[in-house]
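Each residue of the sequence shown is one higher than the one before, starting from 1413 at the first, in my numbering.
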Amino acid sequence: MLRARTGLWGRVRDLERRTRPVHPETAAALARRWAELPDHVRTPAQTLGQHAVGCEGTHGVFPRCDLACTPCYHSRDANRVRVDGGHTRTEVREQMALLRRLRGPRAHAQLIGGEVTLLPPDDHAATLRLMIDQGREPMSMTHGDFDEEYLQRLALGPDGRRRFSRLSFAGHFDSLMFGRRGIERPPDEAALHPYRQAFVDRFRRLRAAHGVRFFLAHNMTITPKNMDQIPEVIRACRRMGFGMFSFQPAAFIGDDRRWHEDYREHTNDEVWARIEEGVGTRLPYQALHTGDLRCNRTTYGFFVGDDYFPVLDERRPEDLRVRDVFFRHLGGVNFSGTPVPLLLGKLLRVTARHPVVLTTALGWTARMLRRIGLRRLVRHREIRSVSFVLHSFMDAADVRPAWEAMERGEEAADPRIAVTQQRLRACSYAMAHPETGRLVPACVQHSVLDPGENAELRRLLPLTVRRSPARPVGA
Ligand code: SF4
């Protein structure tokens, strides 16, 4: 009898713990993040420190790639490093452990290097599992030129049972990449549409056959060459099944043999205007900031048919109130990584304590329904959540002196380098260095640290190894 009561009490306590709206470590990580941010980005719109700790990425794992991009952010040695599953697992385990310690129990992390699908599927799967075990929500970064069989072997174990309930991939597709099978030198962006569609369709078939859900982002590097094609890409691909379109204006980073144009011909405003042209509406990006607006712009929203509806618009005071209520009462809640029943429990507890959350959500829903219109909803019967992102890396020539001065504790006198320092201090995309216990901005990783790291990897993981009976070539 006593044991039964203890068991019941234990379950109640467990439920109470699991539906606690905010994990105490998340609260602490968010507070640390906010405290670390420079003043110029500590705005009411800032997601870092109020809802997120930022994005994370791996480095020094598998820098090799079998396509060629212009530009390519990898250093010259990247393609002389062997892809090695054991090395990748060891490095990722240590990097994720440091991120877990410094950035708390939940974050989005990119499994990124060269081409992720050069990893054998079992190693790829084991690495994703390592990331998940450290509370990361991993996204594999690929050029998308892999076979259906690879995806199946990644998603399903040797026993044929699924290893993941959901996979996230970012597919990089643009006409500045050369060597894709079937279209070695794409004449323009439109020629790649069948390849974009085929990429999504592989995941659809996987879901239909094995119930593995997916989230897919579409990444595209932008130079003066393909800038004017952005609207057409969005119009042609918005129904394909991508949940995010991310555009990266090219920067002078990495292998200078692959710099072929004046990448700085266009401003972020001009690229954003092309994205808006493709979506067919203004994309408000001031309601929510991710770090520094000179680095990132984001609009969250959804399509009903071909019409896009941003979730928040900074020109509407009622939307800004929604944002403020969200940050105040739900900012620390982990939405994407919590099973639905537990998430409902968390939301119930928040709304019981703060009824304003419910009234605000109802008000937002009513306004949005009015904006969409019942007729449109009935006609299309489908809401597709899609976000638009612009991420603008900085040039290595600016990042190196900015970082070196920061390491010496100096403020740069040169205004251009001073701006670079401001952006680095507000960086939203971190890479972990377990050997020093530090996180560095991805710009610093690619501009300053990658060349030395890849030269070292080239020695550690040479492409050719001496034949021996115990270890065949390439093993
Ligand atoms: S990686 Fe560079 S461009 Fe991106 S957020 Fe960090 S500092 Fe800004």
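Every residue, glycine too, gets a C-beta built ideally from N, C-alpha and C.
Taking the straight line between their C-alpha atoms, what separation do you get for residue i and residue j?
i: L1625; j: L1789; result: The sequence given here places Arg at residue 1625; Leu does not occur at that position. Cα to Cα, R1625 sits roughly 25 Å from L1789.
i: L1414; j: E1428; result: With a pLDDT of 46 at L1414, under the threshold of 50, the predicted position of this residue should be treated as unreliable, though the coordinate-derived value follows. Cα to Cα, the separation comes out at about 21 Å.
i: D1478; j: I1687; result: 29 Å
i: L1869; j: A1509; result: 21 Å
i: T1529; j: A1824; result: 41 Å
i: G1663; j: R1837; result: Per the sequence presented here, residue 1663 reads as Ala, with Gly not at that position. Whole-angstrom Cα-Cα distance: 19 Å.
i: G1886; j: F1615; result: Since pLDDT at G1886 reaches only 32, below the 50 mark, its modelled position is unreliable, and the value read off the structure follows with that caveat. If I take the Cα positions, the gap works out to 30 Å.
i: S1880; j: R1492; result: The predicted position of S1880 is uncertain, since its pLDDT is 46 and thus under 50; no value can be drawn from it.
i: T1431; j: E1677; result: 51 Å
i: L1460; j: M1843; result: 16 Å
i: W1446; j: G1703; result: 11 Å
i: R1820; j: G1469; result: 25 Å
i: V1453; j: A1699; result: 13 Å
i: C1649; j: M1589; result: 18 Å
i: L1754; j: D1571; result: 30 Å
i: R1787; j: H1499; result: 56 Å
i: R1592; j: F1474; result: 19 Å
i: V1495; j: R1727; result: 49 Å
i: L1566; j: V1612; result: 16 Å
i: K1758; j: A1439; result: 15 Å
i: H1584; j: L1760; result: 39 Å
i: R1828; j: M1639; result: 25 Å
i: V1691; j: R1548; result: 31 Å
i: C1707; j: V1852; result: 15 Å
So, helix, strand or coil for residue i, using DSSP?
i: N1746; result: coil
i: G1583; result: strand
i: P1550; result: strand
i: R1590; result: Just to set this straight, residue 1590 is Phe in the shown sequence, not Arg. In the structure shown, F1590 sits in a strand (DSSP, three-state: E or B).
i: C1649; result: helix
i: T1702; result: coil
i: L1872; result: helix
i: P1853; result: strand
i: H1486; result: coil
i: V1801; result: strand
i: Q1462; result: coil
i: A1567; result: helix
i: N1680; result: helix
i: H1499; result: helix
i: V1624; result: coil
i: N1866; result: helix
i: A1663; result: coil
i: S1658; result: strand
i: A1480; result: strand
i: V1824; result: One detail in the question is off: residue 1824 reads as Ala in this sequence, not Val. In the structure shown, A1824 sits in coil (DSSP, three-state: anything other than H, G, I, E or B).
i: H1630; result: strand
i: N1708; result: strand
i: R1575; result: coil
i: R1614; result: helix
i: M1543; result: helix
i: L1836; result: helix
Considering Cα atoms alone, identify which of the options is closest to residue i.
i: G1713; options: M1656, V1745 and V1737; result: M1656
i: Q1857; options: L1588, E1448 and G1525; result: G1525
i: S1799; options: L1724, P1827 and T1529; result: L1724
i: A1620; options: R1578, H1605 and E1601; result: R1578
i: T1482; options: W1776, Q1660, V1453 and G1864; result: Q1660
i: D1471; options: L1861, R1779 and P1874; result: For the record, residue 1471 in the displayed sequence is His; it is not Asp. Comparing Cα positions, the closest option is L1861.
i: P1456; options: A1440, G1743, A1582 and L1628; result: G1743
i: A1582; options: P1550, A1602, A1567 and R1783; result: P1550
i: A1443; options: D1451, T1679 and H1463; result: H1463
i: A1830; options: R1779, K1758 and A1817; result: A1817
i: N1866; options: S1487, D1426 and A1537; result: S1487
i: D1668; options: A1809, L1851 and R1850; result: A1809
i: H1536; options: G1547, Q1546, M1553 and H1520; result: M1553
i: A1602; options: Q1641, M1632 and L1628; result: Q1641
i: L1875; options: R1423, R1425, Q1522 and D1489; result: D1489
i: T1832; options: F1805, A1519 and H1845; result: F1805
i: A1480; options: P1532, D1451 and S1587; result: S1587
i: H1408; options: H1741, M1632 and Q1546; result: Nothing about residue 1408 can be reported from this structure: the residues present for the chain run from 1413 to 1887 only.
i: T1679; options: V1504, P1636 and E1794; result: P1636
i: H1396; options: R1476, R1783, R1512 and Q1564; result: As shown, the chain starts at 1413 and ends at 1887. That puts residue 1396 outside it, with no answer to give.
Could you pull the DSSP bridge partners for residue i from this structure?
i: P1433; result: Beta-bridge pairing links P1433 to no other residue.
i: D1719; result: V1716
i: G1469; result: Q1522 and M1843
i: V1493; result: P1874
i: R1796; result: F1715
i: I1687; result: Answer by DSSP bridge pairing: none, since I1687 is not bridged.
i: I1595; result: R1592
For a test of your reading of the model: does the CB of residue i fall under 6 Å from any non-hydrogen atom of the ligand ADP? Yes or no.
i: P1853; result: Among the ligands modelled here, namely the ligand SF4, the ligand ADP does not occur.
* Measuring from each Cβ to the nearest heavy atom of the ligand SF4, keep the ones under 7 Å and list them in chain order. => Cβ-based neighbours of the ligand SF4 within the cut-off: G1703, D1704, C1707, N1708, H1803, S1804, F1805, M1806, R1835, L1836, C1839, S1840, Y1841, P1853, A1854 and C1855.
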